[in-house]
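My numbering puts the first residue of the sequence shown at 26, with every later residue one more than the last.
For reference, the structure discussed in these notes is given below.
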Amino acid sequence: MTTNPLFQRLQLVTGTPALDHLGASSAAVFGIGGVGSWTAEALVRSGLGAITLVDNDVICITNVNRQLQATTKNVGKPKVEELAARLRLLNPRCEVTPVMRACEPATVDTFNVGQYTYVLDCIDSITCKVALIRAAHAAGCTLFSAMGAAAKLDPTQVRVTSIWESTGCPLAKWIRRRLRESGFQGDFPVVWSPEFIEPVETTSVACGTHTCYCPKFVPADEAEHRDWCSEKKVINGTAVHMTAIFGMMLAGLVVQDAVARTASAQRAAATGAANGGSSAQERAGPAPATGSAFPLADER
């Protein structure tokens, strides 16, 4: 790889092989909100070769406090399209594909998640989240998932563990329960925090009320108006420093995974050379980038 000045500073800490791995990798980020938008930006700024952005929502004025692509000027526009335009400015060589479609049980198979090197789960719907997790695991994907980033203020409590070691997070609790009920026996790393803050006050200016500031958006394939915001059953408070930290940690896991994989390949090559010939891995070719390079609960 010829050194790209865009990523020269990253190359100094990851090394060229890891950066090459990222450049040859693809990722799908599901949920382009307060967590996913920051994840996507960090991945593109880290030299990722291709990224797919999946979300069926449009920008609401209440998104501006935490979602990277949201401004007071683009309220009502598709989140994926607005973020895609920004990401293309960061790295014109990165293939950015916006998909304005919901990932849910009825549609998850249409995304063919097995085609991606990495799958980043930033969905906040329990049912949709479980559907994506199960599909990614069945496809052998390298999956990193964010649990609840809302109702939190303390960045020092954010951590990464196995999904089965997450405690105190209401969303993680429901995900573990649904996975067990479905017979899921896999494991994957999650970003989570045990902190949970109850709302300290209410507001009359909220999604779905008569005082909603957002212009109404009607997708071309929908005959009737759809009030996106009022469909949410619960609206928790959010702080950008928390959602961004969750998103950045997910992106960091991808970068660390690239470093770990390339280091492992280099060790295998060195072992093969020391033994007087190519290693089994070299003879078989590069291993597919499936599964996490991080030790999980059952591997420790």
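Ideal Cβ placement from N, Cα and C applies to all residues, glycine included.
Source: prediction; values computed, not measured.
| Check | Outcome |
| --- | --- |
| Using 10 angstroms around the beta-carbon of P103, count the other beta-carbons present and answer buried if the total reaches 16, otherwise exposed. | buried |
| Take every Cβ of the segment 259-272, pair it with every Cβ of the segment 172-187, and state whether three or more of those distances are shorter than 8 Å. | yes |
| Check whether the segment 77-85 touches the segment 287-304, counting contact only when three or more Cβ pairs, one atom from each stretch, lie closer than 8 Å. | no |
| When you compare each of G58, S289 and A283 to Q92 by their alpha carbons, which one comes out closest? | G58 |
| Identify whether D146 lies in helix, strand or coil by the three-state DSSP scheme. | strand |
| Hey, quick one: how far does the beta strand (DSSP E) through L120 stretch, first residue to last? | Correcting the residue identity first, residue 120 is Glu in this sequence and not Leu. E120 to V124 is the span of the beta strand (DSSP E), which, as asked, contains E120. |
| By the three-class DSSP mapping on this structure, what secondary structure does T96 have? | coil |
| Have a look at P195 and M274 and give me their C-alpha separation to the nearest angstrom. | 20 Å |
| Specify, as a first and last residue, the run of the beta strand (DSSP E) that V216 falls within. | P214 to W217 |
| Can you tell me whether Q33 is buried or exposed, with buried defined as 16 or more other CB within 10 angstroms of its CB? | exposed |
| Confirm, please, whether the CB-CB distance from F209 to R159 is below 9 Å. | yes |
| Are the Cβ atoms of V60 and C147 separated by less than 9 Å? | yes |
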